[in-house]
Structures are given as structure tokens and as C-alpha cells.
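So for the sequence shown, our numbering puts the first residue at 89; every next one is plus one. C-beta atoms are modelled at their ideal positions from N, C-alpha and C, and glycine is treated no differently. Predicted, not measured: the structure shown is a model, and the values here were computed from it.
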Amino acid sequence: MMMMKRMAAGAAAVLALAAGTASAQGFPVKPVRIVAPYVPGGTVDALSRALAAQLSEEFGQQVVVENRAGASGNIGAEYVAGAEPDGHVLLLTASTVIVNPLVMKEKQRFDLHKDFTPIGMVASTPLVFVVSPQSGIATVGDFIKEAKAHPDKINFGVGGFGSGGHLAMETFNVRAGTSIPMVIYKGSAPALTDIVGGQLSAIMDPVLTTLPFVSTGRLKAIAVTGERRSALLPSVPTLGEAGVPDMDFVSWYGMWGPAGMPEAVSRRIQAGLTKVLGSSQFKAWLDKQGMVAGTVTGKQFGDYVRQESKKYAQAVADAKIEPK
Numbered sequence: 089m090m091m092m093k094r095m096a097a098g099a100a101a102v103l104a105l106a107a108g109t110a111s112a113q114g115f116p117v118k119p120v121r122i123v124a125p126y127v128p129g130g131t132v133d134a135l136s137r138a139l140a141a142q143l144s145e146e147f148g149q150q151v152v153v154e155n156r157a158g159a160s161g162n163i164g165a166e167y168v169a170g171a172e173p174d175g176h177v178l179l180l181t182a183s184t185v186i187v188n189p190l191v192m193k194e195k196q197r198f199d200l201h202k203d204f205t206p207i208g209m210v211a212s213t214p215l216v217f218v219v220s221p222q223s224g225i226a227t228v229g230d231f232i233k234e235a236k237a238h239p240d241k242i243n244f245g246v247g248g249f250g251s252g253g254h255l256a257m258e259t260f261n262v263r264a265g266t267s268i269p270m271v272i273y274k275g276s277a278p279a280l281t282d283i284v285g286g287q288l289s290a291i292m293d294p295v296l297t298t299l300p301f302v303s304t305g306r307l308k309a310i311a312v313t314g315e316r317r318s319a320l321l322p323s324v325p326t327l328g329e330a331g332v333p334d335m336d337f338v339s340w341y342g343m344w345g346p347a348g349m350p351e352a353v354s355r356r357i358q359a360g361l362t363k364v365l366g367s368s369q370f371k372a373w374l375d376k377q378g379m380v381a382g383t384v385t386g387k388q389f390g391d392y393v394r395q396e397s398k399k400y401a402q403a404v405a406d407a408k409i410e411p412k
């Protein structure tokens with residue numbers, strides 16, 4: 089009887105392997121949809137469309153972008169979590185997906201670590217710490233001195249509650265020993281408009297949104313987050329170099345499929361993503377956006393996301409941010 093059970097289990101394993109291999113060989117058998125859970129025109133949307141164009145060639149099948157915006161990206165993510173796990177519906181979203189459950193009162197109806205199959209990191213970009221040129225502030229040290237000497241005259245602008253810039257700014261307060269108040273905006277655009285207009289003292293936002301203002305002299309970059317300097321701002325030090333340690337906050341963008349995808353299909357998508365990210369054409373496009381191509385896929389990407397989740401949870405706890 090035991091021998092028969094073992095033979096049955098072995099046969100089932102062979103059939104599962106054969107089915108997975110067949111799925112991978114046939115994938116994709118129809119257009120692949122990349123769900124971008126934000127409105128058209130933003131970074132996630134632009135990245136999704138650039139990637140879709142390249143993956144269409146790699147897969148020999150049309151890859152299209154479908155915008156399903158709402159609830160800070162949760163609506164689109166929830167849709168993908170409930171999709172058929174055959175690899176034809178994928179999610180591309182920002183690192184805010186791991187911050188949302190930490191800062192939102194409304195309970196997330198999915199678990200990123202259980203309800204999805206990690207495909208890989210697509211890109212990352214540091215945040216740029218910018219101030220108004222009229223402020224007379226030239227360095228992070230100057231900013232900290234001014235904040236401590238005149239706390240009623242200094243403020244931070246953030247492009248959304250719970251955004252990467254928000255948590256980076258709150259962590260800056262903790263690390264620098266300051267208590268600079270936050271002005272919360274619904275998006276980076278109005279915050280950048282106000283800092284240019286003199287209503288804000290500083291903001292941290294990705295290279296993509298800040299560089300046009302820095303390159304034209306309307307804003308001054310005094311530091312970048314992350315472990316290394318940005319290739320587009322090589323003369324701007326990291327916050328660590330400027331004396332504020334442990335500020336490894338970057339905006340990153342990743343791809344997932346629904347949980348339960350056949351491993352062979354997941355590997356096929358990972359291979360396609362890796363090939364596109366390694367191409368000179370896509371790297372050139374990322375360079376123009378101030379982004380760096382991702383290098384981790386599959387389990388490594390899943391492990392990275394878990395570490396990031398722990399880091400952000402600690403940042404929320406340290407800054408005593410109350411959910412809204």
C-alpha cells in the first residue's frame with residue numbers, strides 16, 4: 089500500500105511538472121496585461137508602458153497596460169491578487185504598496201507576501217532633498233542649524249501621507265534631532281509648486297520630478313537618499329555623507345503575479361524581465377528618468393520586499409505616525 093502511495097505521488101509530481109513545463113512553453117497564449125494601479129501620466133504608468141513595449145517583443149505577444157487607480161494603489165493590486173494565476177495578468181506598482189497597511193486605517197484586503205508571486209524589481213530611484221535657492225541654505229548642515237535656530241520658520245512638504253518622501257522626512261527629523269512640521273499634499277506637483285513659490289522650506293521627492301527644477305535653478309539639491317550618489321546629480325552628496333545616517337530610502341517599482349502561478353511560468357516572465365532590464369535601450373530610457381534597473385527577481389525580490397517592509401514599519405514606529 090505504501091509503495092502504491094509513493095508511486096501515485098510520484099506520478100502526480102511528474103504530471104504537475106509536465107503541466108508547468110507545457111504552460112511555460114505555451115506562455116503567453118493571449119495578450120498579457122500589466123495592471124498599473126495609478127492614473128495615467130505618473131511614474132508607475134510611464135514605467136509600465138515602457139516595459140510593456142519591450143516585453144511585447146520579448147514574448148512575441150501583445151503586452152498592454154491597464155490603469156486601475158484608487159485607494160493609493162490598493163484597488164489595482166487587489167484585482168491582480170484575485171486574477172487567474174496563469175501569468176497573463178501582472179501587477180506593476182511602487183514601494184508605497186508596503187507602506188499603505190502601516191499608515192492607512194482601512195484594512196488592506198490582500199497580503200503582499202501571501203497573495204502574490206514576486207516576479208522582480210523593475211527600477212529604483214533615490215529621493216532628492218531640495219530647498220529654495222532664495223533660502224540661502226547650501227548644505228544639509230545649514231538646514232539643520234536653521235531648523236533648530238528658527239523652528240517656526242522651517243517646514244517640510246510631502247507629496248502624500250505615507251509616501252516615501254513622507255517617511256524619509258519623518259525619519260530625517262528623528263536622525264537629525266529636529267522637529268520640523270510636515271505639510272501634507274495630495275501629490276508632488278502642488279508641493280513642488282509651493283516650494284518654488286516660497287511657501288515651503290524643503291521637500292524630498294524622486295529624481296524624475298525634482299531634476300527639471302534643479303537643472304533650471306528653481307530649486308537647489310542639497311542631498312540624495314540611498315547608499316550612493318545619483319548619476320544625474322554626481323556633485324550632490326548622500327544624506328549619509330552629509331552627516332545624517334541610515335537614510336537608505338529609495339522609491340522602487342516591482343512586478344508581481346497572483347499567488348499560485350506555475351513556477352515555470354514565473355521563471356519565463358522573470359527571464360523576459362531580466363532580458364529587457366539588461367538591454368541598452370531600456371537602460372537608456374531609465375537613465376533619462378533618473379532610475380536604475382532592478383537586479384533581483386523571484387525569491388530574492390520577495391526577500392528584499394520583506395526587508396523593506398520591516399524597515400518602513402520601524403520608520404513608522406520611530407516617527408510615531410498614526411494611521412489615517
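Do Gly-345 and Phe-204 have their C-beta atoms closer together than 8 Å? On the sequence shown, residue 345 is found 257 positions in, with the first residue counted as 1. On the sequence shown, residue 204 is found 116 positions in, with the first residue counted as 1. Cβ distance < 8 Å, so Gly-345 and Phe-204 count as in contact.
Have a look at the DSSP bridge pairing and note the partners of Met-349. Position 261 of the sequence shown, counted from the start, is the residue given in the question as residue 349. The partner list for Met-349 (beta bridge, DSSP) is empty, contrary to what the question assumes.
Coarse secondary structure for Gln-395, derived from DSSP in three states: Here the question's residue 395 lines up with position 307 in the sequence shown. In the structure shown, Gln-395 adopts helical secondary structure according to DSSP, grouped into three states.
Would you mind stating whether Met-343 and Ser-212 have Cβ atoms separated by less than 8 Å? For the purposes of this step, residue 343 is taken as residue 255 along the sequence shown, with counting starting at 1. For the purposes of this step, residue 212 is taken as residue 124 along the sequence shown, with counting starting at 1. Cβ distance not < 8 Å, so Met-343 and Ser-212 don't count as in contact.
8 Å contact criterion, which Met-349 and Pro-173 should meet: CB distance rounded: Counting from one through the sequence shown, the residue named residue 349 turns up at place 261. Counting from one through the sequence shown, the residue named residue 173 turns up at place 85. Going by Cβ atoms, the distance from Met-349 to Pro-173 rounds to 4 Å, so yes, they are a contact pair.
Does Gly-390 pass the burial test, meaning 16 or more other C-beta atoms within 10 Å, or should it be called exposed? The residue labelled residue 390 in the question sits at position 302 within the sequence shown. Buried is the label assigned to Gly-390, since at least 16 other Cβ atoms lie within 10 Å of its Cβ.
Rounded Cβ spacing between Val-35 and Ala-311 (contact assumed at less than 8 Å): In the structure as shown, the chain begins at 89 and stops at 412. Residue 35 is therefore absent and cannot be evaluated.
So, helix, strand or coil for Gly-390, using DSSP? Taking the sequence shown and counting its residues from 1, the one referred to as residue 390 is at position 302. Gly-390 falls in the helix class under three-state DSSP.
Element boundaries [alpha helix (DSSP H), containing Asp-375]: The count along the sequence shown starts at 1 and reaches residue 375 at position 287. Segment 368-376, the alpha helix (DSSP H) holding Asp-375.
Could you check which residue in Gly-245, Val-393 and Lys-195 has the C-alpha nearest to that of Pro-278? Mapped onto the sequence shown, residue 278 falls at position 190. Among Gly-245, Val-393 and Lys-195, the Cα nearest to that of Pro-278 is on Gly-245.
Of all the alpha helix (DSSP H) runs that stay within the bounds of the region 213-269, which reach a length of 4 or more residues? Within the region 213-269, the complete alpha helix (DSSP H) runs of at least 4 residues are 228-237 and 252-264.
Please work out which residues of its chain come closer than 6 Å, Cβ to Cβ, to Val-324, disregarding the five sequence neighbours upstream and downstream, and give them in chain order. Counting from 1 along the sequence shown, the entry for residue 324 is found at position 236. Within the same chain, Val-324 has close Cβ partners Ala-309 and Val-312.
Below 8 Å on the Cβ atoms is my contact criterion, and I expect Gly-275 with Gly-250 to pass it. Report the Cβ-Cβ distance as a whole number of Å. For the purposes of this step, residue 275 is identified with residue 187 of the sequence shown, where counting begins at 1. For the purposes of this step, residue 250 is identified with residue 162 of the sequence shown, where counting begins at 1. That pair is no contact at about 13 Å.
Taking the beta carbon of Ser-303 as the centre, do at least 16 other beta carbons fall within 10 Å, making it buried, or is it exposed? As a first step, residue 303 is located in the sequence shown; it is residue number 215 there, counting from the start. When all chains shown are included, Ser-303 counts as exposed.
DSSP three-state label for Ala-401, please. As a position in the sequence shown, residue 401 is number 313, starting the count at 1. Ala-401 falls in the helix class under three-state DSSP.
What number of angstroms, rounded off, separates the C-alpha of Gly-366 from the C-alpha of Glu-146? Taking the sequence shown and counting its residues from 1, one reaches residue 366 at position 278. Taking the sequence shown and counting its residues from 1, one reaches residue 146 at position 58. When rounded, the distance between both Cα atoms is 12 Å.
Within the same chain, show all residues whose beta-carbon is closer than 7 Å to that of Leu-288, passing over the 5 residues directly before and after it, in chain order. Residue numbering aside, residue 288 sits at position 200 when the sequence shown is read from its first letter. Take Leu-288, set aside five residues on each side of it, and the residues of its chain with a beta-carbon closer than 7 Å to its own are Asn-243, Gly-245, Val-271, Ala-279 and Asp-282, in chain order.
Please report the straight-line C-alpha distance between Val-218 and Ala-319, rounded to a whole angstrom. Residue 218 sits at position 130 when you count from the first residue of the sequence shown. Residue 319 sits at position 231 when you count from the first residue of the sequence shown. Computed Cα separation, rounded: 17 Å.
Rounded to whole angstroms, what is the Cα-Cα separation between Val-177 and Asn-155? Here residue 177 refers to the residue found at position 89 when the sequence shown is read from its first residue. Here residue 155 refers to the residue found at position 67 when the sequence shown is read from its first residue. Rounded to whole angstroms, Val-177 to Asn-155 spans 12 Å at the Cα level.
DSSP state of Ala-43, grouped into three classes? Given a span of 89 to 412 for the chain in the structure shown, any question on residue 43 remains unanswerable.
Does the beta-carbon of Lys-241 have 16 or more other beta-carbons within 10 angstroms, so that it is buried, or is it exposed? Here residue 241 is taken as the residue at index 153 of the sequence shown, counted from 1. With fewer than 16 other Cβ atoms inside 10 Å of its own Cβ, Lys-241 counts as exposed.
Less than 8 Å between the C-beta atoms of Arg-356 and Phe-115, yes or no? Reading the sequence shown from its first residue, position 268 is the one you call residue 356. Reading the sequence shown from its first residue, position 27 is the one you call residue 115. Taking C-beta atoms as the reference points, Arg-356 and Phe-115 count as a pair closer than 8 Å.
I need the DSSP call for Leu-180, collapsed to helix, strand or coil. Indexing the sequence shown from 1 puts residue 180 at position 92. Strand at Leu-180.
Consult DSSP for Ala-124 and reduce its assignment to one of helix, strand or coil. Residue numbering aside, residue 124 sits at position 36 when the sequence shown is read from its first letter. Here Ala-124 sits in strand by DSSP.
Ends of the beta strand (DSSP E) at Pro-278? Your numbering for residue 278 matches position 190 in the sequence shown. Unbroken run through Pro-278 is the alpha helix (DSSP H), 276-284; no beta strand (DSSP E).
In terms of alpha-carbon separation, which member of Val-120, Met-209 and Leu-215 lies closest to Glu-315? On the sequence shown, position 227 is the one that residue 315 refers to. Cα-wise, what sits closest to Glu-315 is Leu-215.
How far does the beta strand (DSSP E) with Val-152 in it reach, from first residue to last? Along the sequence shown, one-based indexing puts residue 152 at 64. Residues 151-155.
Give me whichever residues DSSP pairs with Met-343 in a beta bridge. Indexing the sequence shown from 1 puts residue 343 at position 255. Looking at the DSSP assignment, Met-343 forms a beta bridge with Leu-180 and Gly-208.
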